[in-house]
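Counting in our numbering, the sequence shown tops out at residue 155, every number present. Glycine included, C-beta positions come from ideal geometry on N, C-alpha and C. As the structure is a computational prediction, the values presented were derived from the model and not from experiment.
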Amino acid sequence: RGVIERLVREGTAVSHSDGTLHNIFPVAVYAAEGEALRELVLREGATRTIEIGLGYGISALHVCEGLLGNADPAARHVVLDPYQATRFADCGLQFLEEAGVAGMVEHQAEASEIALPRFLGEDRRFHLAFVDGNHRFDGVFLDLVYLGRLVRPGGIVFVDDYQLPAVARAV
-15 RGVIERLVRE GTAVSHSDGT LHNIFPVAVY AAEGEALREL VLREGATRTI
35 EIGLGYGISA LHVCEGLLGN ADPAARHVVL DPYQATRFAD CGLQFLEEAG
85 VAGMVEHQAE ASEIALPRFL GEDRRFHLAF VDGNHRFDGV FLDLVYLGRL
135 VRPGGIVFVD DYQLPAVARA V
């Protein structure tokens, strides 16, 4: 909670990996959306979650906060982000570490169109998914097709940036 509050309050952060200054918003989810995501994790009793696009990690911090609230020591959050090291200078991973939740997060530095079919082949299943990666129609559509098979029946797929025409059309 403290890391979330600090990042929201300051709005910027310096990457430990290369010293660059990053404006967290408007890229990251805002407080109301993050809190809604956390509440969904809690309400669903989720212990296995997946996120497409880590970015600055604000949404992942909220998901992890919900997972911690569900009190399952085996809870895991999988994040897919091939641009974490380049576009975000590992800030998302840095903030997860600062919050003490990095151990419950599995970061895959590859695109969702590569990882999700593999997860399906590995018979992995999730209780909740958050989609905030590729904002093109084809990317979101593929994410939703695979997540429809990876998320348990009755589970939740939370889609960010629905106001964008390509995202809305894919949904």
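Item, Value
"CA-CA distance, residue 49 and residue 115?", "18 Å"
"Once DSSP output is grouped into helix, strand and coil, what is the label at residue 106?", "coil"
"Jot down the residue ranges of each uninterrupted alpha helix (DSSP H) in the region -10 to 61, minimum 4 residues, whole runs only, in chain order.", "15 to 28 and 42 to 53"
"By the DSSP assignment, the alpha helix (DSSP H) with residue 90 in it spans what residues?", "Careful: residue 90 lies outside any alpha helix (DSSP H), inside the beta strand (DSSP E) at 89 to 92."
"The alpha helix (DSSP H) spanning residue 149 covers which residue range?", "149 to 154"
"Would you mind reading off the limits of the alpha helix (DSSP H) that contains residue 132?", "121 to 134"
"Less than 9 Å between the C-beta atoms of residue 84 and residue 46, yes or no?", "no"
"Can you give the Cα-Cα distance for residue 78 and residue 102, rounded to whole angstroms?", "27 Å"
"With burial defined as no fewer than 16 other Cβ atoms inside 10 Å of the residue's Cβ, what is the status of residue 64: buried or exposed?", "buried"
"Just mark residue 110 as buried or exposed, buried being the case when its beta carbon has 16 or more other beta carbons within 10 Å.", "buried"
"Between the Cα of residue 155 and the Cα atoms of 140, 134, 128 and 87, which residue gives the shortest distance?", "128"
"If you draw a straight line from the C-alpha of residue 145 to the C-alpha of residue 118, how long is it?", "10 Å"
"In whole angstroms, give me the CA-to-CA distance for residue 15 and residue 140.", "20 Å"
"Look up residue 113 in the DSSP assignment and give the residues it is bridged to.", "34 and 141"
"Say whether the region 61 to 75 touches the region 24 to 41, bearing in mind that this needs 3 or more beta-carbon pairs closer than 8 Å, one atom from each stretch.", "yes"
"At what residues does the alpha helix (DSSP H) containing residue 79 begin and finish?", "75 to 82"
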